[in-house]
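Participant:
Residue numbers (my numbering), protein chains in the order written: chain A, 1 to 167; chain B, 1001 to 1102.
Written out as structure tokens, the structure reads:
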């Protein structure tokens, strides 16, 4: 029972923080809200008994990705210009239309679908051993390809962001 | 415990908010943050399905690991592109990066 109450608190917090990311008027506030939202999703993984992925979520999203985003925000700010820049384009009302419609459709489908009767009402614990067996035995090739992808992305990011001579 | 559909509804809400952000924002970094929200919603969906429906094969959890990997690579590259755009055009507004539009 206590778990359920906690779940609802976390779910409400995630929705509020995610709304903060897309509706906030300040870029930095949006980034801070994003950290909270990503951490909340990590907490959801704990509720689902997948501790390993919760750890990965906190480390990679909560740590690395948000630091990168904050760094990029810092590097691309126009300095202390007087008027705050307009963050939403003229197309924002259509965005509300599309986002609201998408939300209605997705929630309708998720609620109205008849899931198989043998679905348990509580999540199974996925152990780190199961994950590693699957990842390294059955998905070895995609794992290696993903590592190559990370290397290529690393080199590409350095080449793109590098200061060229004569610039 | 909370049923599976709660997770699905939560992830649908996060995904739609992210989609709205991608459509409405002008700043490239803010668009990227909305994309992160959408990716997170998808990961949550995958892991919820793995934990409720597929406890032996855990395909959803494996999928989520790859989603996180690709998202990390994507963020690094996208921010490099934003920094390069800012250096060339002194803006991170995607509406102003319209050289191909005549």
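Each residue gets a CB set at the ideal place from its N, CA and C atoms; glycine is no exception.
Taking C-beta pairs closer than 9 Å, name the residues in chain A that residue 1089 of chain B reaches, listed in chain order.
Facilitator: Here the premise fails: no neighbours, minimum Cβ distance about 11 Å.
Participant: So the candidates are B:1088, B:1074, B:1098 and B:1086; which of them puts its Cα closest to the Cα of residue 155 of chain A?
Facilitator: Residue B:1074 is the option with its Cα nearest to residue 155 of chain A.
Participant: Any chance the region 1055 to 1073 of chain B sits against the region 140 to 158 of chain A, with 3 or more Cβ pairs inside 8 Å?
Facilitator: yes
Participant: If you draw a straight line from the C-alpha of residue 97 of chain A to the C-alpha of residue 1012 of chain B, how long is it?
Facilitator: 15 Å
Participant: Around the C-beta of residue 76 of chain A, are 16 or more other C-beta atoms found within 10 angstroms, so that it is buried, or is it exposed?
Facilitator: buried
Participant: Report back the beta-carbon spacing between residue 1010 of chain B and residue 35 of chain A to the nearest angstrom; my notes put them in contact at under 8 Å.
Facilitator: Contact check for residue 1010 of chain B and residue 35 of chain A: beta-carbon distance about 18 Å, past the 8 Å limit, so the pair fails to qualify.
Participant: Please list the residues of the region 121 to 150 of chain A that have a C-beta atom closer than 7 Å to any C-beta atom in chain C, keeping them in chain order.
Facilitator: This model lacks chain C altogether, as its protein chains are A and B.
Participant: According to DSSP, is residue 1027 of chain B part of a helix, a strand, or is it coil?
Facilitator: strand
Participant: Would you call the region 1012 to 1032 of chain B in contact with the region 15 to 32 of chain A, where contact means no fewer than 3 C-beta pairs closer than 8 Å?
Facilitator: yes
Participant: Helix or strand or just coil, what does DSSP make of residue 1045 of chain B?
Facilitator: Three-state result, residue 1045 of chain B: helix.
Participant: Could you check the C-alpha separation between residue 47 of chain A and residue 25 of chain A for me, to the nearest Å?
Facilitator: Cα to Cα, residue 47 of chain A sits roughly 32 Å from residue 25 of chain A.
Participant: Specify the secondary structure class of residue 88 of chain A as computed by DSSP and reduced to three states.
Facilitator: Strand, per DSSP.
Participant: In three-state DSSP terms, what is residue 1088 of chain B?
Facilitator: helix
Participant: Would you say residue 1069 of chain B reaches chain A, if we count a Cβ-Cβ gap shorter than 8 Å as a contact?
Facilitator: Using a Cβ-Cβ cut-off of 8 Å, residue 1069 of chain B counts as an interface residue toward chain A, since at least one Cβ of chain A sits closer than that to its own.
Participant: Beta-carbon of residue 1010 of chain B versus every beta-carbon of chain A: anything under 8 Å?
Facilitator: yes
Participant: Kindly indicate which three-state DSSP category residue 1006 of chain B falls into: helix, strand or coil?
Facilitator: helix
Participant: Taking the straight line between their C-alpha atoms, what separation do you get for residue 128 of chain A and residue 1064 of chain B?
Facilitator: 14 Å
Participant: Using 8 Å as the Cβ pair cut-off and three pairs as the minimum, do the region 1077 to 1086 of chain B and the region 64 to 76 of chain A touch?
Facilitator: yes
Participant: Tell me the rounded alpha-carbon separation between residue 158 of chain A and residue 1054 of chain B.
Facilitator: 40 Å
Participant: Taking 8 Å as the CB-CB limit, is residue 1042 of chain B close to chain A?
Facilitator: Taking Cβ atoms only, chain A never reaches closer than 8 Å to residue 1042 of chain B, which makes this a no.
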